[in-house]
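In my numbering, the protein residues as written are 35 to 391.
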């Protein structure tokens, strides 16, 4: 298990204490971005990362201390140039990390329920904003609540329910990164961390070809949910795509209607067969998908453009297409092509945000 929230939930279900560390702000060349998380188990086990390795041990010790006294901690680190070099950076930076015990007297049931709701919402593709009091009234310090992307309160401490906090939750969801706000709370003014928990981005691969096998493995390794779409059962088999989350034996226009395409969805069309590629592109380019790309040479792409225009695709819709897909300079081997495709997809802002944890 390598997901911080999943690990936290597993520890809590085993009646073990655990803590969560979240990067809330960075300066300079900090190794991880705001929103990155690390779970710390009762024996100091670490899942996830907040710094690429240079301050993890110190954060883990602070997490263990928070489990002993039940108090959250706001930590500030400066990563020196020497330490940065050790973790693969060219220069140092600074980061702030908020550490909170996820099980404390009086909030055990609510804390477990909130965490379970976050994990479930992410699995269902729903962004949730978690609010936690970092500084403020003693009775509310460390208290948490959850809001949907519209700012509607879902669960949590009654002392955190306010119009100002709901508005902050909406803003955090829109930017896809943590917000720190000083707000009026039930027991007085306090500083609140609003932390968006985003669903994993989805990669839909149209065409169960050899490149798709490699692309699936690479995408899963960095946190994508992967769906294979190909009506040819001899190609789209469980043996070839055992790492995929879902394999659909449907024609592209039908399958894409069943998939909730959104700005956190990428569609990579790689079958190199117009019978599959063309209808897939017509559907994907008219959807809210955050990325749409198609495999093929410039000549293949020119012929494809002519066919799709004749079928009614507009210039604006065509302009959303990444074709030829990926980064050709990486090479022509299947491995290089797959890596180039994933690099381009992961650079898309609406998809990159969901990979931050």
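By construction, the Cβ of each residue, glycine as well, lies at the ideal position given by its N, Cα and C atoms.
Here residue 186 is exposed. Its C-beta has fewer than 16 other C-beta atoms within 10 Å. For residue 247, the enclosing alpha helix (DSSP H) starts and ends at 244 to 255.
One Cα belongs to residue 278, the other to residue 271, and the distance between them is close to 10 Å. By the CB criterion at 8 Å, residue 163 and residue 203 fall inside the cutoff. Pairwise C-beta distances place the stretch 211 to 230 in contact with the stretch 155 to 174, as three or more of them are shorter than 8 Å.
Taking the C-beta atoms as reference points, residue 54 is found nearer than 8 Å to residue 73. Shown here, residue 71 sits in a strand according to DSSP, grouped into three states. In the DSSP secondary-structure assignment, residue 112 is bridged to 128.
Boundaries of the alpha helix (DSSP H) around residue 379: 368 to 380.
Cβ atoms of residue 100 and residue 135 come within 8 Å of each other, at about 5 Å. For residue 214, the enclosing beta strand (DSSP E) covers residues 213 to 219. Of the other Cβ atoms in all chains shown, fewer than 16 fall within 10 Å of the Cβ of residue 61; this residue is therefore exposed. Counting C-beta atoms within 10 angstroms of its own C-beta, residue 71 has 16 or more neighbours from the protein chains shown and is therefore classed as buried. According to the DSSP assignment, residue 204 belongs to the alpha helix (DSSP H) that extends over 197 to 209. For residue 364 and residue 371, the gap between their C-alpha atoms comes out near 7 Å.
Under DSSP, the beta-bridge partners assigned to residue 239 are 262 and 302. Residue 359 sits away from residue 317, with the two beta carbons spaced by 8 Å or more.
Inter-residue distance for residue 47 and residue 337 is about 56 Å (C-alpha atoms, whole angstroms). The three-state secondary structure of residue 357, taken from DSSP, is coil.
Around the CB of residue 112, fewer than 16 other CB atoms lie within 10 Å, so the residue is classed as exposed.
With fewer than 16 other Cβ atoms inside 10 Å of its own Cβ, residue 216 counts as exposed. Note on the stretch 150 to 177: whole beta strand (DSSP E) runs with a minimum of 3 residues are 162 to 169, in chain order. The stretch 258 to 268 makes contact with the stretch 283 to 303, as at least three CB pairs between them are under 8 Å. Note on residue 223: under 16 other CB atoms within 10 angstroms of its CB, so exposed under the neighbour-count rule. Short of 7 Å from the beta carbon of residue 40, and not among the five residues preceding or following it, lie these beta carbons of its own chain, in chain order: 153. As DSSP reads the structure, residue 80 sits in a beta bridge with 74. Residue 109 and residue 90 have their alpha carbons spaced roughly 12 Å apart.
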